[in-house]
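Counting along the sequence shown from 1, when you hit position 62 you're at 62 in full-length UniProt numbering, and nothing is skipped either side.
Where a beta carbon is used, it is the ideal one built from N, C-alpha and C, also for glycine.
On a predicted model such as this, the values are computed, not experimentally measured, just so you know.
The structure appears right after this line, and notes come after that.
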Amino acid sequence: MQSSQTNAWLSKVDRVLANLLREQPQDATGPLAAKVAATIKSIKSQLSLVSKASKYTLFLPDTVLLSVFSFFENQGDYWACSLVNREWNKVATYELWKSPVFFSENALESFERTVAYSEKAELVLSLDLTIYQWDFWTNTRIGLLLESLPNLTSIRLPKLSSGLECPTVPRDIIKNLRYYEYYDTTMDPTTGLRNLIAVLKNAPNLEELVLLRQNYANSFLGKRLVEMVEELPTLGALRTMKFYGPRPGIEILCALLLHTPYLKSLAIPRENITEEFVETLFTSCPRIEKLNFAGCTLSTDSFDKLADRLVEMNMCGVSQRTRNADMAIARLITQGKSLEKLDLSGNDCIAPGLMELDNPVDLMNIKELNLSGLDRMPNFDTTLWGKILSCESNVQVLRLDMNFTVDDKIGIADIQNSRQTRKTLQAISEHCKVLEELLISSDGDIRPWSRVS
Numbered sequence: 001m002q003s004s005q006t007n008a009w010l011s012k013v014d015r016v017l018a019n020l021l022r023e024q025p026q027d028a029t030g031p032l033a034a035k036v037a038a039t040i041k042s043i044k045s046q047l048s049l050v051s052k053a054s055k056y057t058l059f060l061p062d063t064v065l066l067s068v069f070s071f072f073e074n075q076g077d078y079w080a081c082s083l084v085n086r087e088w089n090k091v092a093t094y095e096l097w098k099s100p101v102f103f104s105e106n107a108l109e110s111f112e113r114t115v116a117y118s119e120k121a122e123l124v125l126s127l128d129l130t131i132y133q134w135d136f137w138t139n140t141r142i143g144l145l146l147e148s149l150p151n152l153t154s155i156r157l158p159k160l161s162s163g164l165e166c167p168t169v170p171r172d173i174i175k176n177l178r179y180y181e182y183y184d185t186t187m188d189p190t191t192g193l194r195n196l197i198a199v200l201k202n203a204p205n206l207e208e209l210v211l212l213r214q215n216y217a218n219s220f221l222g223k224r225l226v227e228m229v230e231e232l233p234t235l236g237a238l239r240t241m242k243f244y245g246p247r248p249g250i251e252i253l254c255a256l257l258l259h260t261p262y263l264k265s266l267a268i269p270r271e272n273i274t275e276e277f278v279e280t281l282f283t284s285c286p287r288i289e290k291l292n293f294a295g296c297t298l299s300t301d302s303f304d305k306l307a308d309r310l311v312e313m314n315m316c317g318v319s320q321r322t323r324n325a326d327m328a329i330a331r332l333i334t335q336g337k338s339l340e341k342l343d344l345s346g347n348d349c350i351a352p353g354l355m356e357l358d359n360p361v362d363l364m365n366i367k368e369l370n371l372s373g374l375d376r377m378p379n380f381d382t383t384l385w386g387k388i389l390s391c392e393s394n395v396q397v398l399r400l401d402m403n404f405t406v407d408d409k410i411g412i413a414d415i416q417n418s419r420q421t422r423k424t425l426q427a428i429s430e431h432c433k434v435l436e437e438l439l440i441s442s443d444g445d446i447r448p449w450s451r452v453s
């Protein structure tokens with residue numbers, strides 16, 4: 001039996017869908033799909049209670065349902081939708097097969113028996129195996145599984161145990177790849193090298209490359225990898241590269257950048273940023289928009305030449321080796337006319353550069369700004385807040401620390417009682433006219449952010 005609350009929700013859905021279908025009965029991908037998606041998302045918590053199909057849901061064509069489901073964020077939404085009626089179950093199941101999720105070893109075994117070499121194998125587009133430990137037992141099985149999925153476009157490979165080599169991804173799979181992620185937990189720098197080069201050489205459609213814990217720097221294999229990278233064709237589809245873990249090495253990065261003319265996003269945390277790297281990035285990647293230099297060491301002050309191109313910049317926890325790096329960061333901020341998202345948290349070389357500027361810091365078009373941790377830096381001056389907050393800005397999300405005005409024993413709930421903090425909040429309210437979200441921490445990342453309306 002359906003509850004009265006569920007019946008009320010169904011009546012509302014009937015009315016809304018009836019109006020939408022009356023306005024645009026043939027629209028499968030445009031405004032109708034967006035409106036229907038918004039409606040369904042607003043009632044998705046009730047979908048699991050539905051035992052009988054709503055009147056107008058029966059008339060939604062499969063193309064509209066596919067467009068609606070594309071707005072969902074996780075598989076739980078698809079499972080809920082599959083309970084509405086038979087038609088919804090058919091489309092939801094189709095979507096679930098596109099990107100299966102595994103929670104146990106048994107789930108992978110069941111997937112292999114059900115999907116491998118069957119008609120369902122053609123539906124699988126994305127495979128995430130990162131919850132597994134790639135050992136001698138799963139090595140052959142996963143290799144065979146990859147061979148059985150002809151339309152796979154996204155692979156996240158498991159963590160690799162010591163002594164194993166990543167099995168070669170079938171060439172028929174490589175040519176369709178759009179996303180490739182590889183996680184190496186071994187200490188052997190040769191592990192995965194052959195497969196990585198094979199993917200880069202034979203994946204003309206690869207759009208995003210993520211390497212975790214790859215370490216080819218400072219070794220003879222690093223030089224060999226540079227030579228192999230130099231022989232690669234142009235990676236025309238590659239838009240995003242992310243390197244996490246040990247540093248890949250500037251030589252390898254520069255060699256890769258020469259083959260990525262359409263690169264838009266690059267993440268290289270904890271790398272040493274040199275003049276050669278910046279010049280290569282500037283000349284070889286004219287479309288670069290997002291940079292992640294978190295934890296990097298700045299050995300050059302020329303990176304501000306990228307100011308006109310960047311939309312998003314992460315300089316969390318950077319340090320400098322060159323004297324003028326702080327001024328280069330200041331110029332990057334003030335000259336970045338397209339910069340919308342900027343993270344300067346824990347940056348020990350930003351404050352001096354901003355303080356030496358004659359004019360107030362112009363935040364230009366920045367919409368999201370993270371300044372947490374600046375007050376803990378040795379060279380921090382509290383008047384920096386005045387410079388930052390004295391100009392009109394378009395900041396919508398602002399993150400701050402208040403350590404310099406609050407005793408360590410004062411909790412988050414008491415932050416707003418500080419006189420200096422109240423002055424800061426008043427300045428924010430006066431100059432940040434479009435601010436939507438303010439997040440304040442009393443001691444950095446140890447305690448959660450406090451949202452202040």
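Should N218 go down as buried or exposed, given a rule of 16 or more other Cβ atoms within 10 Å for buried? The predicted position of N218 is uncertain, since its pLDDT is 49 and thus under 50; a value taken from the coordinates is nonetheless stated next. Burial call: exposed.
What's the call for S393, buried or exposed, on a 16-neighbour Cβ count within 10 Å? buried
Quick one: what's F243 bridged to in DSSP? L211
In whole angstroms, what separates the C-alpha of I155 from that of L125? 9 Å
Count the other CB atoms, across all protein chains shown, that sit within 10 Å of the CB of A307; report buried if there are 16 or more and exposed otherwise. buried
Nearest to S118 by alpha carbon, out of L149, L129, R141 and K433? L149
Quick one: measure Cβ to Cβ for R171 and L206, integer angstroms, because I've assumed they're closer than 8 Å. Wrong, their Cβ atoms sit about 13 Å apart, outside the cutoff.
With a threshold of 16 other CB atoms inside 10 Å of the CB of T283, please say whether the residue is buried or exposed. exposed
Leaving out the 5 sequence neighbours to the left and right, which residues in its chain are closer than 7 Å to N176 when beta-carbon positions are compared? N151, L152, T153 and N205
For V115, count neighbouring Cβ atoms within 10 angstroms of its own Cβ and tell me buried if that reaches 16, exposed if not. buried
Note the first and the last residue of the continuous beta strand (DSSP E) segment covering E368. Segment E368 to N370, the beta strand (DSSP E) holding E368.
Got a sec? Which residues, its chain only, sit under 6 Å from L332 by beta carbon, not counting five neighbours each side? D304 and A307
Out of E181, R323, L144 and G373, which one is the CA nearest neighbour of S302? R323
Could you give the uninterrupted runs of the alpha helix (DSSP H) lying entirely in the segment 262 to 346, keeping only those of 4 residues or more? 275 to 284 and 325 to 335
Using CA coordinates, which residue listed in P100, R224 and K367 is at the minimum distance from C432? K367
What did DSSP end up calling R178 once you bin it into helix, strand or coil? coil
Can you give the Cα-Cα distance for T240 and V199, rounded to whole angstroms? 15 Å
Note down, in chain order, each residue of its chain lying with its Cβ closer than 8 Å to the Cβ of R113, except the 5 sequence neighbours on either side. none
What does the alpha-carbon distance come out to for the pair F220 and I250? With a pLDDT of 49 at F220, under the threshold of 50, the modelled position of this residue cannot be trusted; read the value that follows with caution. If you take the alpha carbons of F220 and I250, they lie about 14 Å apart.
F102 and S108 - do their beta-carbons sit closer together than 7 Å? The question names Ser, but residue 108 is Leu in the sequence shown. Taking 7 Å as the Cβ cut-off, L108 and F102 qualify as a contacting pair.
Go ahead and label P286 buried or exposed: buried means 16 or more other beta carbons lie within 10 angstroms of its beta carbon, across all protein chains shown. exposed
What residues in its chain sit with their C-beta under 7 Å from that of V434, if we drop five residues either side in the sequence? Annotation for V434: N394 and Q396 place their beta carbon closer than 7 Å to its own, counting only its chain and skipping 5 residues before and after.
Ignore the nearest five residues each way along the sequence and tell me which others in H259's own chain have a CB closer than 6 Å to its CB. L232, T234 and L235
Start-to-end residues for the beta strand (DSSP E) that takes in L127: S126 to D128
C-alpha distance - L157 paired with E208, whole-angstrom precision: A direct Cα-Cα distance of roughly 14 Å separates L157 from E208.
Which of the three DSSP states, helix, strand or coil, is assigned to E231? coil
Excluding five sequence neighbours on each side, which residues of the same chain lie with their C-beta closer than 8 Å to the C-beta of E230? A255 and L258
The alpha helix (DSSP H) with C432 in it runs from where to where? No alpha helix (DSSP H) contains C432, which DSSP labels as neither H nor E.
I'd like to confirm something about T322: is its beta-carbon nearer than 6 Å to some heavy atom of the ligand MG, or not? Summarising the ligand content, the structure contains no ligands, and the ligand MG is consequently not present.
Check the DSSP bridge columns for S148 and list the partner residues they point to. Bridge partners of S148: none, in fact.
Looking at C-alpha atoms only, which residue of V210, D326 and K341 is the closest neighbour of E312? The shortest Cα separation from E312 among V210, D326 and K341 belongs to K341.
Identified DSSP bridge partners for L400: I440
Which stretch, first to last residue, makes up the alpha helix (DSSP H) that contains A255? I250 to L257
Using the three-state DSSP reduction, which class does S154 fall into: helix, strand or coil? In the structure shown, S154 sits in a strand (DSSP, three-state: E or B).
Close beta carbons around I273, own chain, < 8 Å, minus the five adjacent residues each side: F293, C296, T297, L298, S299, T300 and F303
Can you tell which of R224, L127 and R141 has its C-alpha closest to the C-alpha of E181? L127
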